[in-house]
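Below you'll find the structure, written out as structure tokens, and then a few comments.
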Amino acid sequence: MLEVTPGALERLKTIKAFALDMDGTVYLGLRVLPGSHDFVKLCQENHIPFAMLTNNSSRSRKEYAKKLDTMGLHVGEEGVMTSGEATIRYLHRVHPGKKVYLVATPSYEQEVIEGRVNLAKGRDDADLTVLSFDTTLTFQKLVVLCDIVRDGKPYIATHPDFNCPVDGGYIPDVGSFMALIKASTGREADEVIGKPGKMMVAALCERWDLPAEKIAYVGDRLYTDIAMAESSGMLGILVLSGETKLQDLETSEHQPDLVIRGLDELVELLGAGL
18 MLEVTPGALE RLKTIKAFAL DMDGTVYLGL RVLPGSHDFV KLCQENHIPF AMLTNNSSRS
78 RKEYAKKLDT MGLHVGEEGV MTSGEATIRY LHRVHPGKKV YLVATPSYEQ EVIEGRVNLA
138 KGRDDADLTV LSFDTTLTFQ KLVVLCDIVR DGKPYIATHP DFNCPVDGGY IPDVGSFMAL
198 IKASTGREAD EVIGKPGKMM VAALCERWDL PAEKIAYVGD RLYTDIAMAE SSGMLGILVL
258 SGETKLQDLE TSEHQPDLVI RGLDELVELL GAGL
């Protein structure tokens, strides 16, 4: 364990909730990382709120909960936060009652409907448009979305990732779609919701009714996970179980508050303080 920010260990004792990156923190590929099961058990037994975060808005929270179930991580839907859920919360907060032209998979569209967001059928009745990670994307959907963007109406994207890792490589993600839309319309998205953006943090604060300072964010990437914690005031905990190595801190502009080997060490620290 490395305490980068003086007093970070003492601050850890005051934390009321935990948000965690998934791949590289909780699991790596299909392998559950050491400490993940114990972390979930510790939080559940001590009634500590937690959520595992993903920018991927092609799947619903229900689907992610099922995936985690197969790994023995029984967290339920409340144990998951996607950029899709954060977008639904944003729409209710900033554009309440407005009709949204949604570019999405059937799975995420159903979650939006269940989230009581009014959906538009097309350009004529849309007040704004939302672009999510639509793996069922069609040319006609793009045409309608670009028309709405050219009309000057609010244009929201669920997250900024350019590519999504899959078995055998990568597939284009929302950031790539946004580049296409900018080339066609000349406009950037008015708001990008997911990590490392502030709206993802706002969704966590709203869900738990907590200030960011009382939430710890645990992740393995300096430029997304730790950058988001740093900019929002969350306690930033870097795990070395994924992408980042300890020597990477020497050249990074983003610095965590704590560095640990993985969730197993976090469980030890929390267990000692409970």
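For the sequence shown, the positions run 18 to 291 when the working numbering is used. Don't be surprised by glycine CBs; every beta carbon is placed ideally from N, CA and C.
Asked	Found
Specify the secondary structure class of G279 as computed by DSSP and reduced to three states.	coil
K199: which of Y172, A244, I210 and R106 sits nearest, CA to CA?	Y172
Entirely within the region 175 to 229 and at least 3 residues each: give me those beta strand (DSSP E) ranges in chain order.	180 to 183 and 186 to 189
I believe M162 touches Y118 by the beta-carbon criterion, under 8 Å. Please report the beta-carbon distance rounded to the nearest angstrom.	It is Leu, not Met, that sits at residue 162 in the sequence shown. That pair is a contact at about 7 Å.
Note down, in chain order, each residue of its chain lying with its Cβ closer than 8 Å to the Cβ of V57, except the 5 sequence neighbours on either side.	F67, L90, H91, V92 and G96
Would you identify the three-state DSSP class for V256, choosing helix, strand or coil?	strand
Going by DSSP in three states, G101 sits in which element: helix, strand or coil?	helix
Whether or not the region 47 to 63 and the region 212 to 224 are in contact is what I'm after, with contact meaning three or more pairs of Cβ atoms, one per stretch, closer than 8 Å; do they touch?	no
Just to confirm the assignment, what range does the alpha helix (DSSP H) spanning A246 have?	A244 to S249
Bridge partners for R48 per DSSP, in chain order?	L45
Is G192 closer than 8 Å to D178 when the C-beta atoms are compared?	yes
Return the first residue and the last residue of the alpha helix (DSSP H) that D164 is part of.	F156 to R167
Can you have a look at G139 and say buried or exposed, based on whether 16 or more other CB atoms are within 10 angstroms of its CB?	exposed
Among I188, N135, N73 and Q127, which one has its Cα closest to the Cα of K115?	N135
Nearest to D184 by alpha carbon, out of L29, L47 and M18?	L47
Quick one: what does DSSP say I232 is sitting in, helix, strand or coil?	strand
Quick check: what's the CA-CA separation for A220 versus R204?	25 Å
Give, in chain order, every unbroken run of the alpha helix (DSSP H) that is at least 4 residues long and sits entirely within the region 96 to 141.	100 to 111 and 123 to 131
With C-beta atoms as the reference, is T175 less than 8 Å away from G101?	yes
Mind checking whether D237 and V256 have CB atoms under 8 Å apart?	yes
Restricting to Cα atoms, I'd like to know which of M251, V209, L286 and I130 is closest to P228.	M251
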